[in-house]
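*Asks:* Sending over a structure as structure tokens; questions will come in a sec.
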Amino acid sequence: MRVREPELDSEPELNGDRRPRGASSGVELSLTFDASRCDGYGMCAVVFPERISLDNWGYADVDPAPLTDPAGLRRAERAVRCCPRRALGLTERVARGKSE
Amino acid sequence: MTPLDLARTGAGTEGASRAGTLAILGGRHARLLAGPERLEGYDEHLARLGGPIDLTAGEDLAAEIERSGLRGRGGGYFPLARKLEVARRSPGQPVVVVNATEGEPAIRKDRLLLSHRPHLVLDGAEALAAAVGADLIYVAVHEHRPETGHLEAAAAARPQASTRFRFVATPDRYIAGESSALVSWINGGPPRPTGRIRPSAVSGVGGRPTVVSNAETAAHVALIARFGAEWFGEAVTPGGPGSALLTVAGDVGRPGTVVELTGSATIGQIVAAAGGPTELPRALLIGGYTGRWIPAHDCWGKPLATVLSELDAPIGCGLIGVMGSRRCGLVETSRLVGWLAGQRAGQCGSCDLGLPVLAETFALVADGARGRRRAPAQIVSLGQSLTGRGLCGLPDGVVSMVESSMQAFAQEMALHRKRRCSGEDGPPVFPLPGRKP
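Protein sequence lines, in the order shown, are assigned to chains A and B.
Mapping the first sequence onto our numbering, position 1 (from 1) lands on 1, and the numbers just tick up by one.
Heads up: take any position in the second sequence, counting from 1, add 100, and you land on our numbering.
The structure is reproduced here in structure tokens:
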């Protein structure tokens, strides 16, 4: 398992059907969340409400399940970039077998 | 490595010790607790166990640990061999950290090993270092405990001690004993968990692969290195192969008694080894302060393995805490929650804010005079927002313990709703260090 830093200057894809960078068959990407960094800015939930919500106090509640569609992955990348505290990340996990 | 009949080497047959602070149960002879009921010196230790471990046979040691199936005894029961494998595969020369901090206040097993069998712990640390190719062994201990002195003196009495062991004093905080918090502390940072984002076995002390081992785990390694995996596996407990140390606490004749479980034993037998209950028992807290409550009548005659299976709970740190009937289980739970909330690292928002609210809300449930009707529902919803959100397992553990208490003390909950409480006033059943009386 390694944490992948997203590209700072990537553009939203107009065509829509793009393979996530670095992914190959059998590899899934999912959001990572460092709760000790979160200060409740909340922009991540605005950008990716399908997978990120805010709790009573405004802290992020992040769904760690794998991201299977390109649109979701783009939103995830934007959420990762918009966090001022860099609390979010993206990680590759091999789909079959043990992760470490 | 020749098997040795430990029964011939001294005290260690079934039953309680004369001093009463330790006992062996389960149908097999003692292992960790075999030997004299006091501090055992280095020469005595070597004579009893048949000589030192061959530290040049690192690969063999690693293979034997793997075959043994030994799981960590710090509460997590994670397979030790897997940690060793990850450390060996990761870049950099590994480091071993022995966690002898024992932050759970009611648990005494690691302290007992430090004061009675320090050389077992240190042998195990050296064996782990050999197995993983580590050149450094950190030993993390509580600053102010007398057992720390015993361990340091024992290390000094061993050959080549000064080049191998580095003692690190940890602050008196529950969370400081969590493995990643300990690594952070050794690295010069705050004693706060860093989570599973980068496991210590991959990158820990100084960025090097780090194997963090509980003191009891290291002691088991010391015996596996001498007597082998087969011998180790002849004792089986709910935590897996090998014997396990339990601590009996609370309303018993000899609170703080450490019991080495080598097989099956009932809750009643385990408590009897600590002098039995001082009054009719109402409930037990099993595992640790973030363990599970269970009514005494639901578990007394059952084997520990059955009780854990019914609770769907792990053996944890091996706490067998007994609470008598004159107390109120809700009051005791409230005290535990309050104490645990005060021990939070404070670095994750949902726990930093949520755990004190859980403590305050539960205090309302516990207060027979002022209890609020809606508090139980609020607790359930708070529990959901606390679980799985932080960097460490503390909030999740507190929530599980609280939920188990609401089930175990359902009768008391009903009584409290009518503004009545059957419990007597008194000091807490389990120790809460630093708590204002």
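Just so you know, even glycine gets a beta-carbon here, dropped at the ideal spot from N, CA and C.
Nothing here was measured: the structure is a model prediction, and the numbers come from that model.
#1: Please list, in chain order, the chain A residues whose beta carbon lies closer than 7 angstroms to that of B:S485.
#2: In this structure, how does DSSP classify A:C77 when only helix, strand and coil are distinguished?
#3: By alpha-carbon positions, which one of B:K183, B:L214, B:E159 ends up nearest to B:L133?
#4: In chain order, what residues of the same chain lie with their CB nearer than 6 angstroms to the CB of B:V358, ignoring the 5 residues before and after it?
#5: Beta carbon of B:I386, beta carbon of B:L408: below 9 angstroms?
#6: How many angstroms separate the CA atom of A:P49 from the CA atom of B:Q484?
#7: Between A:S30 and B:V498, what straight-line distance do the alpha-carbon atoms span, to the nearest angstrom?
#8: In this structure, how does DSSP classify B:L139 when only helix, strand and coil are distinguished?
#9: Does any C-beta atom of chain E lie closer than 9 angstroms to the C-beta of B:G490?
#10: Can you name the residues that DSSP bridges to B:E360?
#11: In the DSSP assignment, what residue or residues form a beta bridge with B:P395?
#12: Figure out for me which residue from B:V232, B:I237, B:G233, B:A231 has the closest Cα to the Cα of B:L222.
#13: Can you name the residues of chain B whose CB is closer than 7 angstroms to the CB of A:D101?
#14: Does A:G42 get closer than 9 angstroms to chain B when you measure Cβ to Cβ?
#15: Over the uninterrupted beta strand (DSSP E) stretch that includes B:I420, give me the two end residues.
#16: Roughly how far, in whole angstroms, is the beta-carbon of B:A281 from the beta-carbon of B:P293, given that I think they are within contact range, below 8 angstroms?
#17: In this structure, how does DSSP classify B:F530 when only helix, strand and coil are distinguished?
#18: Out of curiosity, what's the CA-to-CA distance linking B:G326 and B:R171?
#19: Which residues in chain B sit within 8 angstroms of A:S38, going by Cβ to Cβ distance?
#20: Are the beta-carbon atoms belonging to B:C451 and B:G490 less than 9 angstroms from one another?
#21: Just how far apart, CA to CA, sit A:A23 and B:A227?
#22: Looking at the C-beta of B:L453, does it have a partner C-beta in chain A at a distance below 9 angstroms?
#23: On a Cα-Cα basis, can you pick out the residue from B:A463, B:I286, B:C521, B:G449 that is closest to A:R37?
#24: In the DSSP assignment, what residue or residues form a beta bridge with A:F33?
#25: Go ahead and label A:N56 buried or exposed: buried means 16 or more other beta carbons lie within 10 angstroms of its beta carbon, across all protein chains shown.
#26: Using a Cβ-Cβ cutoff of less than 8 angstroms, which residues in the same chain neighbour A:R85 once the five nearest sequence positions on both sides are dropped?
#27: When you compare only the Cα positions, how much space is there between B:V195 and B:Q443?
#28: Can we say the region 244–258 of chain B touches the region 163–170 of chain B, given the rule of at least three CB pairs closer than 8 angstroms?
#29: From the DSSP output, in three-state form, read off B:A134 for me.
#30: Smallest Cα separation from B:A514: which of B:H219, B:A269, B:R472, B:A445?
#31: Within the same chain, show all residues whose beta-carbon is closer than 6 angstroms to that of B:P395, passing over the 5 residues directly before and after it, in chain order.
#32: Starting from the N-terminal side, write out each stretch of the alpha helix (DSSP H) that is 4 residues or longer and does not extend beyond the region 248–281 of chain B.
#33: Once the 5 residues before and after B:E524 are set aside, which same chain residues still bring their CB inside 6 angstroms of it?
#34: Could you pull out every unbroken beta strand (DSSP E) segment of at least 3 residues lying fully inside the region 163–206 of chain B, listed in chain order?
#35: Note down the Cα distance separating B:G388 from B:A329, rounded to an integer number of angstroms.
#36: By the DSSP assignment, the beta strand (DSSP E) with A:L54 in it spans what residues?
*Replies:* Reading off the structure:
#1: By one-based count along the second sequence, residue 485 of chain B stands at place 385. Per Cβ cutoff of 7 angstroms: D55, N56.
#2: As a first step, residue 77 of chain A is located in the first sequence; it is residue number 77 there, counting from the start. Sequence inspection shows Glu at residue 77 of chain A; the Cys mentioned does not correspond to that position. Looking at A:E77 - three-state DSSP - the assignment turns out to be helix.
#3: For the purposes of this step, residue 133 of chain B is taken as residue 33 along the second sequence, with counting starting at 1. Of all alpha-carbon atoms in B:K183, B:L214, B:E159, the one lying nearest the alpha-carbon of B:L133 is that of B:L214.
#4: Your numbering for residue 358 of chain B matches position 258 in the second sequence. For B:V358, the CB contacts under 6 angstroms within the same chain, skipping 5 residues up- and downstream, are L122, R208, K209, L212, L345, T347 in chain order.
#5: Against the second sequence, residue 386 of chain B aligns to sequence position 286. Against the second sequence, residue 408 of chain B aligns to sequence position 308. Contact: yes.
#6: Here the question's residue 49 of chain A lines up with position 49 in the first sequence. Here the question's residue 484 of chain B lines up with position 384 in the second sequence. Computed Cα separation, rounded: 19 angstroms.
#7: In the first sequence, the residue the question calls residue 30 of chain A occupies position 30. In the second sequence, the residue the question calls residue 498 of chain B occupies position 398. Distance between A:S30 and B:V498, taken at the CA atoms: about 28 angstroms.
#8: In the second sequence, the residue the question calls residue 139 of chain B occupies position 39. Residue state, collapsed to three classes: coil.
#9: No chain E is present in this structure, whose protein chains are A and B.
#10: As a first step, residue 360 of chain B is located in the second sequence; it is residue number 260 there, counting from the start. Paired residue(s): B:I124, B:L345.
#11: Reading the second sequence from its first residue, position 295 is the one you call residue 395 of chain B. Its beta-bridge partners are B:A383.
#12: Locating residue 222 of chain B in the second sequence gives position 122, where the first residue counts as 1. Answer by Cα proximity: B:I237.
#13: Residue 101 of chain A falls outside the range modelled here, since chain A spans only 1 to 100, and no answer is possible.
#14: Taking the first sequence and counting its residues from 1, the one referred to as residue 42 of chain A is at position 42. It does not; no Cβ of chain B falls within 9 angstroms.
#15: Locating residue 420 of chain B in the second sequence gives position 320, counting from the first residue. Segment 419–424, the beta strand (DSSP E) holding B:I420.
#16: Counting from one through the second sequence, the residue named residue 281 of chain B turns up at place 181. Counting from one through the second sequence, the residue named residue 293 of chain B turns up at place 193. Contact flag correct, Cβ pair sits at about 5 angstroms.
#17: Counting from 1 along the second sequence, the entry for residue 530 of chain B is found at position 430. Residue state, collapsed to three classes: coil.
#18: Along the second sequence, read from residue 1 onward, the residue named residue 326 of chain B stands at position 226. Along the second sequence, read from residue 1 onward, the residue named residue 171 of chain B stands at position 71. Looking at the sequence itself, residue 326 of chain B is Arg, so the reference to Gly does not match. Between the alpha carbons of B:R326 and B:R171 lies a gap of roughly 18 angstroms.
#19: On the first sequence, residue 38 of chain A is found 38 positions in, with the first residue counted as 1. Looking at the sequence provided, one finds Cys at residue 38 of chain A rather than Ser. Within 8 angstroms Cβ-Cβ: C448, G449.
#20: Numbered from its first residue, the second sequence carries residue 451 of chain B at position 351. Numbered from its first residue, the second sequence carries residue 490 of chain B at position 390. For the 9 angstroms CB-CB criterion, B:C451 and B:G490 form a contact.
#21: For the purposes of this step, residue 23 of chain A is identified with residue 23 of the first sequence, where counting begins at 1. For the purposes of this step, residue 227 of chain B is identified with residue 127 of the second sequence, where counting begins at 1. Residue placement at A:A23 is poorly supported in this model, since its pLDDT is 48, which falls under 50; the coordinates still yield a value, given next. One C-alpha to the other measures close to 41 angstroms.
#22: As a working note, residue 453 of chain B is residue 353 in the second sequence. Interface annotation, B:L453: in contact with chain A, CB-CB separation under 9 angstroms.
#23: On the first sequence, position 37 is the one that residue 37 of chain A refers to. The option with the nearest alpha carbon to A:R37 is B:G449.
#24: Indexing the first sequence from 1 puts residue 33 of chain A at position 33. DSSP lists A:L88 as partners of A:F33.
#25: Residue 56 of chain A sits at position 56 when you count from the first residue of the first sequence. Counting every other CB atom within 10 Å of its CB across the protein chains shown gives A:N56 a total below 16, marking it as exposed.
#26: Within the first sequence, residue 85 of chain A is the residue found at index 85, counting from 1. Excluding residues within five positions, the ones whose Cβ falls inside 8 angstroms are R37, C38, D39, Y41.
#27: As a first step, residue 195 of chain B is located in the second sequence; it is residue number 95 there, counting from the start. As a first step, residue 443 of chain B is located in the second sequence; it is residue number 343 there, counting from the start. Going from the Cα of B:V195 to the Cα of B:Q443 covers about 28 angstroms.
#28: Proximity of the region 244–258 of chain B to the region 163–170 of chain B falls short of the contact definition, fewer than three beta-carbon pairs being nearer than 8 angstroms.
#29: In the second sequence, residue 134 of chain B corresponds to position 34, counting from 1. Coil at B:A134, not helix or strand.
#30: Mapped onto the second sequence, residue 514 of chain B falls at position 414. The shortest C-alpha separation from B:A514 is found at B:R472.
#31: As a position in the second sequence, residue 395 of chain B is number 295, starting the count at 1. Leaving aside the five residues that flank B:P395 on each side, the residues in its chain whose CB is nearer than 6 angstroms to its CB run, in chain order, A383, A508.
#32: Every alpha helix (DSSP H) of 4 residues or more that sits fully in the region 248–281 of chain B is shown, in chain order, as 261–264.
#33: Start at 1 with the first residue of the second sequence, and residue 524 of chain B comes out as number 424. Cβ neighbours of B:E524 beyond the five flanking positions: R426.
#34: If only uninterrupted beta strand (DSSP E) runs of at least 3 residues are considered, those enclosed by the region 163–206 of chain B are 195–200.
#35: Stepping through the second sequence from its first residue, residue 388 of chain B is reached at position 288. Stepping through the second sequence from its first residue, residue 329 of chain B is reached at position 229. Roughly 28 angstroms separates the two Cα atoms.
#36: Locating residue 54 of chain A in the first sequence gives position 54, where the first residue counts as 1. Element bounds for A:L54: 52–54.
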